[in-house]
Each structure stands twice: as structure tokens, then as C-alpha cells.
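To keep things clear, I will list the structure first and then write my remarks on it.
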């Protein structure tokens with residue numbers, strides 16, 4: 014693995030790991046009051062586009078990071094829609 | 014601008030814009046109880062590494078997005094340390 018990808022994967026691990034506790038916390042507490050639906054939608058679409066961009070740039074670290082984050086963002090969006098109805 | 018960068022800048026606008034309301038909200042409310050210091054540190058270092066990675070990959074959209082987000086992350090980190098002391 015080259016130096017650039019070592020930096021990329023270090024970045025990927027840090028930003029992905031920083032995001033997971035939010036997903037876990039929302040899943041456990043079902044407290045979605047602090048989450049904004051438009052913000053989550055923007056974020057989900059944005060991360061999906063970064064994933065596509067990562068493929069075009071042939072970047073393994075970007076594809077890995079955004080593949081995980083797009084799933085996390087999907088869950089947050091799902092929780093927001095599901096728990097806001099109650 | 015080529016097609017890849019159009020996707021990249023669309024992603025950059027969406028994920029950057031989704032993050033700014035959090036910074037604004039924390040600045041106005043000074044409520045940092047829901048923010049975790051280790052998470053903010055990881056995120057800040059991670060975004061900084063994505064910025065470096067964007068330079069290596071010669072990606073204008075990654076550099077722009079992460080330059081803005083690293084400043085946002087820095088402010089959140091600063092607010093967390095400043096307002097946690099009170």
C-alpha cells in the first residue's frame with residue numbers, strides 16, 4: 014500500500030469511528046429530537062456522492078469510508094423517520 | 014470542470030452544508046453536553062488527514078470540502094473545551 018493510501022485509511026478509520034457512536038446512541042435512546050431531517054437527507058445524499066466520487070478517483074480509502082458512512086447515515090435517516098412519528 | 018469533479022463538488026456542498034447547522038447550534042446554545050471530546054478529536058484529526066489526502070489525490074473538491082470542515086471541527090472542539098469548564 015502506498016503512502017497516500019496509508020493517510021487515506023487513517024483518515025477513513027478516524028472519521029468513520031467518530032460517526033458510529035452517534036448511530037449507536039440514537040439507536041439506544043430513540044432520541045431523534047436533536048437531528049434535523051433535511052440535514053440528514055443532505056448528508057446521506059452527499060456521502061453517497063462521495064462514494065461514487067471515490068470510485069471515479071480509484072481511491073480504496075474513500076470507497077471504504079463512504080460505504081460504511083452511507084449505511085450509518087441511512088440508519089440515522091431511518092431512525093429519524095421511524096421515531097418522529099410517535 | 015470534468016464530470017468527476019461535478020460529482021465531487023456536489024458531494025462537498027451537501028456534506029459541508031449538513032455539518033454547518035451543528036456548529037451554529039453549538040455556538041448559539043453553548044450546549045456541548047451531547048458532544049464527546051474523544052469523538053471530536055478523532056473527527057478533527059480524521060478530517061485533517063482527508064485534507065492532506067485530497068492534496069495527494071489532486072482533488073479540488075476534497076480539498077475544498079475538508080478545508081471548510083476542518084475549521085468547523087476545530088470550532089466544535091474549541092466550544093467543547095471552553096464550555097465544558099463552566
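Residue numbers (my numbering), protein chains in the order written: chain A, 14 to 99; chain B, 14 to 99.
For every residue, glycine included, the Cβ atom is placed at its ideal position computed from N, Cα and C.
Do residue i and residue j have their C-beta atoms within less than 8 Å of each other?
i: residue 83(B); j: residue 64(B); result: yes
i: residue 49(A); j: residue 51(B); result: no
Determine, using beta carbons only, whether residue i comes closer than 8 Å to chain A.
i: residue 123(B); result: A query on residue 123(B) cannot be resolved here, the shown segment of chain B reaching from 14 to 99 and no further.
i: residue 73(B); result: no
i: residue 117(B); result: With chain B represented from 14 up to 99, any question about residue 117(B) goes unanswered, as that position is not in the structure.
i: residue 65(B); result: yes
i: residue 48(B); result: no
i: residue 23(B); result: yes
So that I know if they touch, is there some Cβ in chain B lying closer than 8 Å to that of residue i?
i: residue 39(A); result: no
i: residue 36(A); result: no
i: residue 20(A); result: yes
- Kindly provide the ranges of any alpha helix (DSSP H) runs that are 4 or more residues long and lie completely inside the stretch 31-91 of chain B, ordered along the chain. 50-69
Notebook entry, point to check: Do the stretch 89-97 of chain B and the stretch 58-72 of chain A make contact, defined as three or more Cβ pairs closer than 8 Å?
Noted result: no
Inset, instruction - Report yes or no: do three or more beta-carbon pairs, one from the stretch 68-82 of chain A and one from the stretch 33-47 of chain B, lie closer than 8 Å? - result: no
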